[in-house]
Amino acid sequence: MLEIQQLRTDLNNITQQLAKRGYTFPAEAFNALEAERKIIQTQTQELQAQRNTASKKIGQSKSKGEDTSAIMAEVAHLGDALKQTENQLEHIQHHLQKILLEVPNLPHISVPEGKDETSNVRIRQWGEPRQFDFDIKDHVSIGEGLGLLDFETAAKLSGARFSLMKGGLARLHRALAQFMLDIHTLEHGYIETYVPYLVSRDSLRGTGQLPKFEQDLFAVTAGGVESSSTENTPEYHLIPTAEVPITNMVRDEIVPLQSLPLKYVSHTPCFRSEAGSYGRDTRGLIRQHQFDKVELVHIVHPDQSYEALEQLVGHAEKILQKLALPYRVMALCTGDMGFSAAKTYDIEVWLPAQNTYREISSCSNCEAFQARRMQARFRSENGKPALLHTLNGSGLAVGRTLVAVLENYQNADGSITIPEVLRSYMNGLDQLESSGAK
RNA sequence: GGAGAGAUGGCCGAGUGGUCGAAGGCGCUCCCCUGCUAAGGGAGUAUAGGCACAAAAAGCUUAUCGAGGGUUCGAAUCCCUCUCUCUCCGCCA
């Protein structure tokens, strides 16, 4: 959420900045509402002030035992007028709030301008794609070839965009998540958290998924459909990312200065409806309704958020380096960034079968955008509460990392060499072969 | 699921219809005194808005005592609904 004062005083500038990310701010409607708000609010407050002074007078007179019927008659008519303006005001404020909640964050000055991902800028690249001397397979063929990856049964259980892993592959998936958690907690200083996978609407509003992106989420009601038909708002949504529960830990909190920065990591499943992505990445593990992710969140002093962003990306990169997976870091352009982000780096891992780099992590500085929605504050140097800055990033998407491992570590015979750093998590195993189903 | 208790400022805690944005304490800030492993005295110390202003300060003003609604000229206080916390019972991994 943007600051409404900023919109009042600097509307043209803001409209321009939002246009860079392809968002048209409804300036006319906003101005009209603001003008109306000003009038109605002043009027309302005047009436309230009148009532308050009169009531105070009544109180004073009564305590002295004087007759108050004269003043009381004077105030009697205020009630209706007040109620009317109060209702009007509330209506206007709601409308303004609705506009405000749907406005994306302003891009940071360093963000390259552009309409879509073709304008993203490569920041750096790490590792050399491996040269294969045999015909390579994609992760689906590899996994199915091993008898450890089964989309058909997953479809029977749930439908499209679900997966089923078995044996060594399921274990490798778990190993990856464990490995990531260990690195982030032991080497990067994150606090591990276990968080709810079902969250309230307030939490989703805090991080920016609601009200605008409800269709991307899965809703859950206690007792199922029947009970939801009476209460038309679902009680819970499945988290689309651990960013939601972790970041909302500081919602409506005033964090003491000395406890900053807060760095949390959590391994959770993520649930996304993937509405609007029909036909994209339908094959394989790349785009699923349910996937695991190790998420990193920083809650920091506003002065430190860009420094923290660089650190955060570095922490995610470290995982790929230790796994020896080639990747590149991209700065997203204005048109490609997510709703809440002021600046985003994507990390893209090399997928040999696709002969391209694919997103495996997205690291964003949201500045005060989420904090303002959440009223997440800290007690600043001068003793006053001030808004925090929040950052989040994947460190990494576990399913996609698994895809990268399968494709980059495949052998001619269809087996997989297990990356060195994962072997201790795999009971010392160094290869995944078709017998791995045991 | 049943029964009961509760939710007040950074924290603790008083306050059951009027001068209460809220006593007192703790903490914190500043000042004074004293002097040295301390203590004492004084002052200050919630948040978010609106108006006006070039802007800041000051000013005027509104709202907020878990949330929402109601009663009333007036609500922290009375009524209703909800949320959350705690205790006991039941059920459950």
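According to our numbering, the stretch in the first sequence is residues 908 to 1345, in order. Note that beta-carbon positions come from the ideal geometry of N, C-alpha and C, so glycine has one too.
{"Query": "Helix, strand or coil at M1237 [DSSP, three-state]", "Result": "strand"}
{"Query": "Nearest neighbour of A961, chosen from R944, V1102, G986 and A942 [CA to CA]", "Result": "G986"}
{"Query": "Continuous beta strand (DSSP E) stretch holding L1294: start and end", "Result": "P1292 to L1294"}
{"Query": "The beta strand (DSSP E) enclosing H1205, as first and last residue numbers", "Result": "Q1197 to V1207"}
{"Query": "Endpoints, the beta strand (DSSP E) within which H1174 is located", "Result": "L1169 to F1178"}
{"Query": "Cβ pair Y1234, E1217 closer than 9 Å", "Result": "no"}
{"Query": "Beta carbon of L918 nearer than 9 Å to that of F937", "Result": "yes"}
{"Query": "Cβ contact check for the region 1011-1018 and the region 918-929: 3 or more pairs under 8 Å", "Result": "yes"}
{"Query": "Sheet register partners of Y1252 (DSSP bridge)", "Result": "A1238 and C1270"}
{"Query": "Extent of the continuous beta strand (DSSP E) to which R1078 belongs", "Result": "First-last for R1078: G1074 to D1089, but that is the alpha helix (DSSP H), not the beta strand (DSSP E)."}
{"Query": "DSSP state of F1276 mapped onto helix, strand, coil", "Result": "helix"}
{"Query": "Beta strand (DSSP E) runs wholly inside the region 968-1046, at least 3 long, in chain order", "Result": "1028-1033"}
{"Query": "Straight-line Cα distance separating A1248 from P1176", "Result": "22 Å"}
{"Query": "Selected residue, minimal CA-CA separation from N1262, among R958, H1046 and H1091", "Result": "H1046"}
{"Query": "Beta carbon of L1105 nearer than 9 Å to that of Q1116", "Result": "no"}
{"Query": "Rounded separation between K1250 and G1191 - CA only", "Result": "30 Å"}
{"Query": "Residue span of the beta strand (DSSP E) that contains H1144, given as start and end", "Result": "Y1143 to L1145"}
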